[in-house]
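Enquirer: The structure that follows is given in the form of structure tokens.
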Amino acid sequence: MGSKEKTTVPFNGTPEQEKALREMIGQHKEQQGALMPVLQQAQEIYGYLPIEVQSIIAEEMGIPLEKVYGVSTFYSQFSLYPKGKYKISVCLGTACYVKGSGDIFAKLSEKLGISDGKCTQDGIFSLDACRCIGACGLAPVMTVNDDVYGKLTVDQIDGILAKYTE
Amino acid sequence: MYRSQVLICGGTGCTSSGSDKIAKRLQEEIDKNGLTDEVKVVRTGCFGLCALGPIMIVYPEGTFYSMVKEEDIAEIVSEHLLKGRVVTRLVYDETIGENEIKSLKETNFYKKQHRIALRNCGVINPECIDEYIGRNGYEALGKVLKSMTPDEVIQTILDSGLRGRGGGGFPTGKKWQLARNLVKDADQKYVCCNADEGDPGAFMDRSVLEGDPHVVIEAMAIAGYAIGATQGYIYIRAEYPIAVQRLQIAINQAREYGLLGKNIFDSGFDFDLDIRLGAGAFVCGEETALMTSIEGNRGEPRPRPPFPAESGLFKKPTVLNNVETYANIPQIILNGADWFASMGTEKSKGTKVFALGGKIHNTGLVEVPMGTTLREVIYEIGGGIPNGKAFKAAQTGGPSGGCIPAEHLDIPIDYDNLIAIGSMMGSGGLIVMDEDNCMVDIAKFFLQFTVDESCGKCTPCRIGTKRLYEMLEKITSGNATMEDLDKMEKLCYYIKNNSLCGLGQTAPNPVLSTLRYFKNEYIAHVQDKKCPAGVCQDLLTYKIIDIKCKGCTACARGCPVGAISGTVKQPHSIDTTKCIKCGACMAKCKFGAIIKE
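Chains as they are written, first to last, in the numbering used here: chain A, -3 to 162; chain B, 9 to 605.
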């Protein structure tokens, strides 16, 4: 699930973020099985989980870094790469797939020049394939941040992308 | 007292098509027309008929407005709510009778449904505990704590014949009995709820949590009492933000009312609940993997035995049921085991919720008694296949299930019948496919899914599914031989028989079931190098039919690689060596002169 590629974007976490992270970990210290909630909230603070953040978590929680890395690369929601300003997510669940969401994904990948899970050089768009957001009545579906686009066709893609680049 | 109530669906489907804005606008219009004290707007959970969303119902009349847009709101308020004149053009056409608006229950979509798990969805405001209590909520919990022993509770669930709705179909009462009796001196036991609905295309658990979160809380408390647990965990997908939020609100309200916490109903019974968010791993739907994940590890399954009833979460005896299973429990306690067992087939009692999706008119959520046939679900309730296309297959059970062909449409749906025809119940996703879907491509789609989601712990699944996927790729690219089909079938059984958990053991099912019922399609790919449904790119060629081509040059101008040549007003032709099969020409042609075969 994880990829060995290094992110090209340098880590630029702020002292405020680090303070928030350490405080949050402190609140979970007593909890059984706290690593998952800690990683989830760390990702909310930073937007992704670079190795620098994982190291702080390992140190504060007193667990080996390889365990933190093991868990953060196991789950598809955890990202080791930064996401774009606009996060595009195309549903490749069965209901969307049988209605052509594979073509939608291919078109986006071609237009943006990035593969699944990656972000464009300028940091504007990132592209993810997701599994069923449960809006099967609107299939095929994609989301851009919180905007939902349903009953999509391939020729709508240019227009949708243009809305975010203007 | 309000004279009228307007229910607006706040499920994910309708919210995605803008029901939030509609509700806001509606309240504004109501205020503007001075109806604030007369008309109440209620956000509910899912009504089920997602295809027609956003959905709105006006009570007491029960007028069902479908596909409502923001700009329709002013008219609905000034005409219907103010003057009492129904806006007929927005009413779901099936409810329009000769001289009256018919009740929803008379429509084809709802007529054959029987709602137990979904009884409150689309009926109450899920963020208001009083509305749940008003529909007999928490009465079952009161009944078990005040008048039943834990053994009596378990006996009732056993007698009802309820089986796990997450897919496996294990008897729920049996599971509870084991967790109660296997370890006598446990200092701690746990009750867990599997809300990590990973089957793509299944959304019934999400709808229950969004539309009726208290039913799950009540049922888990009952399970806690039955097995002797004081703590519960709900493991839910982080991809379901609305469900997570409503569940948290519901837990807070239940604590406030003393329905969770210490000494519930003065019975001396303590029980509390916490939410744990999943992080997107399909394998975490497997019970031991789910528990490993709650413990804060990679969600890898562990060998059984020991079963969770003996050593589960944090090595303590644990009961794990899925959302829909829990949603049946309070009704069974209130109405009795016999009532529940009177519905369904000999070995599958009660009802089952299905998420209808794919090539079907009425996409949405339906709950029918076990034993209903696929034909009834797809044609009568689901409204059949759109655009006059022919039915090809129904896929049940998600990536663990199989494709059911037309010849089996009349089999009554229950756990055992579906397994007998090579599929399975699964969590209840039901995806309909028509003649335009290639069955080899669908098998490949599911294998891609399992390759991605295999946790990597055991070899048959980690490597086997990858090899199986490559074989399918060989077939869809036209490079396979008939011998490969035999090899592929052998590999399927090897993976099934040797994998550690349910994910691997069922991963080959989509391949096996399509091989069983659609072998002709495989043979067409292998021997004739053709994809009969016109899906597999490598096997397609685009062609211009001379007599239909007017020579308008639209296709040649639209071709990104200059593969089309010809003079104006003369038939054009495609150079297949240059063609990249993008389909741009076909989309440009106004005369239907370009075909793919």
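All C-beta atoms in this analysis are idealised placements derived from N, C-alpha and C, irrespective of residue type, glycine included. Everything numeric in this text was worked out from a predicted model, so none of it was measured.
1) So, using beta-carbon positions, are residue 167 of chain B and residue 349 of chain B closer together than 8 Å?
2) Quick one: grab the DSSP three-state call for residue 150 of chain A.
3) Say whether the region 75 to 92 of chain A touches the region 117 to 125 of chain A, bearing in mind that this needs 3 or more beta-carbon pairs closer than 8 Å, one atom from each stretch.
4) For chain B, is any of its Cβ atoms less than 8 Å away from the one on residue 129 of chain A?
5) With respect to the beta strand (DSSP E) encompassing residue 158 of chain B, which residues constitute its N-terminal and C-terminal limits?
6) Against residue 160 of chain A, what residues of chain B qualify as contacts under a CB-to-CB distance less than 9 Å, listed in chain order?
7) Excluding the five sequence neighbours on either side, which residues of its own chain have a C-beta within less than 7 Å of the C-beta of residue 265 of chain B, listed in chain order?
8) Could you give the distance in angstroms between the alpha-carbon of residue 243 of chain B and the alpha-carbon of residue 126 of chain B?
9) Is the closest heavy atom of the ligand PLP to the C-beta of residue 449 of chain B under 7 Å?
10) Over what stretch of residues does the beta strand (DSSP E) that includes residue 328 of chain B continue unbroken?
11) Using the beta-carbon of each residue, which ones in chain B are nearer than 8 Å to residue 116 of chain A?
12) So, are the CB atoms of residue 105 of chain A and residue 97 of chain A less than 8 Å apart?
13) What residue range does the alpha helix (DSSP H) around residue 534 of chain B cover?
14) Counting only the same chain and skipping the five closest in sequence on each side, list residues whose C-beta sits under 7 Å from that of residue 1 of chain A.
15) Helix or strand or just coil, what does DSSP make of residue 52 of chain B?
16) Residues in the same chain with beta-carbon distance under 7 Å from residue 43 of chain A, minus the five sequence neighbours each way, listed in chain order, please.
17) For chain A, check one thing: does any of its Cβ atoms lie closer than 8 Å to the Cβ of residue 285 of chain B?
18) Taking only three categories from DSSP, how would you classify residue 13 of chain B?
19) Under three-state DSSP, which class holds residue 279 of chain B?
20) Assuming the contact rule is C-beta atoms closer than 8 Å, residue 146 of chain A and residue 25 of chain B should be a hit. Round their C-beta distance to whole Å, please.
21) Please list, in chain order, the chain A residues whose beta carbon lies closer than 9 Å to that of residue 371 of chain B.
22) Got a sec? Which residues, its chain only, sit under 6 Å from residue 226 of chain B by beta carbon, not counting five neighbours each side?
23) Could you check where the beta strand (DSSP E) with residue 21 of chain B kicks off and where it finishes?
24) Sort out for me which residues DSSP pairs residue 179 of chain B with in a bridge.
25) Is any beta-carbon of chain A found at less than 8 Å from that of residue 20 of chain B?
26) Any idea what DSSP makes of residue 433 of chain B, helix, strand or coil?
27) Determine the DSSP secondary structure at residue 271 of chain B, reduced to helix, strand or coil.
28) Short check: CB of residue 20 of chain B to CB of residue 89 of chain A, under 8 Å?
29) Which one or two residues does DSSP pair with residue 202 of chain B in a beta bridge?
30) Using the DSSP secondary-structure output, state which residues sit across from residue 581 of chain B in a beta bridge.
31) Go through its chain and collect everything with a Cβ distance to residue 61 of chain A's Cβ below 7 Å, but skip five positions before and after it.
32) Straight-line CA distance for residue -3 of chain A to residue 73 of chain A?
33) Nearest-angstrom Cα distance between residue 64 of chain A and residue 460 of chain B?
34) Just verifying my parser: in three-state terms, what is the DSSP assignment at residue 360 of chain B?
35) Using alpha carbons as the reference points, say which of B/130, B/322, B/547, B/433 lies closest to residue 481 of chain B.
36) Are there 16 or more other CB atoms within 10 angstroms of the CB of residue 371 of chain B, so buried, or fewer, so exposed?
Expert: Based on what the coordinates show:
1) yes
2) helix
3) yes
4) yes
5) Taken as a continuous stretch (DSSP letters only), residue 158 of chain B belongs to no beta strand (DSSP E), being part of the alpha helix (DSSP H) at 158 to 168.
6) Near residue 160 of chain A there are no residues of chain B at all, since even the closest Cβ is about 18 Å away, more than 9 Å.
7) 137
8) 20 Å
9) Among the ligands in the structure shown, none appear at all, so the ligand PLP cannot be discussed.
10) 326 to 330
11) Correct list: empty, because the minimum Cβ distance to chain B is about 22 Å.
12) no
13) 527 to 534
14) In this predicted model, residue 1 of chain A has a pLDDT of only 47, less than 50, meaning its place in the structure is not dependable; the value taken from the coordinates is given anyway. Around residue 1 of chain A: no qualifying Cβ.
15) strand
16) Taking residue 43 of chain A as the centre and dropping the five residues before and after it, the same chain places the C-beta of 78, 79 closer than 7 Å to its C-beta, in chain order.
17) yes
18) Here residue 13 of chain B sits in strand by DSSP.
19) strand
20) 6 Å
21) 91, 132, 133, 134, 135
22) 146, 149, 338
23) Counting along the chain, residue 21 of chain B falls outside any beta strand (DSSP E), though it belongs to the alpha helix (DSSP H) covering 20 to 24.
24) B/171
25) yes
26) coil
27) Strand.
28) Taking 8 Å as the Cβ cut-off, residue 20 of chain B and residue 89 of chain A do not qualify as a contacting pair.
29) B/243, B/330
30) B/573
31) 50, 51, 54
32) Low per-residue confidence applies at residue -3 of chain A: pLDDT is 39, beneath 50, and the placement is therefore not dependable, though the value from the model is reported in the following sentence. Each residue's Cα considered, the two are about 11 Å apart.
33) 21 Å
34) strand
35) The shortest C-alpha separation from residue 481 of chain B is found at B/547.
36) Under this definition residue 371 of chain B is a buried residue.
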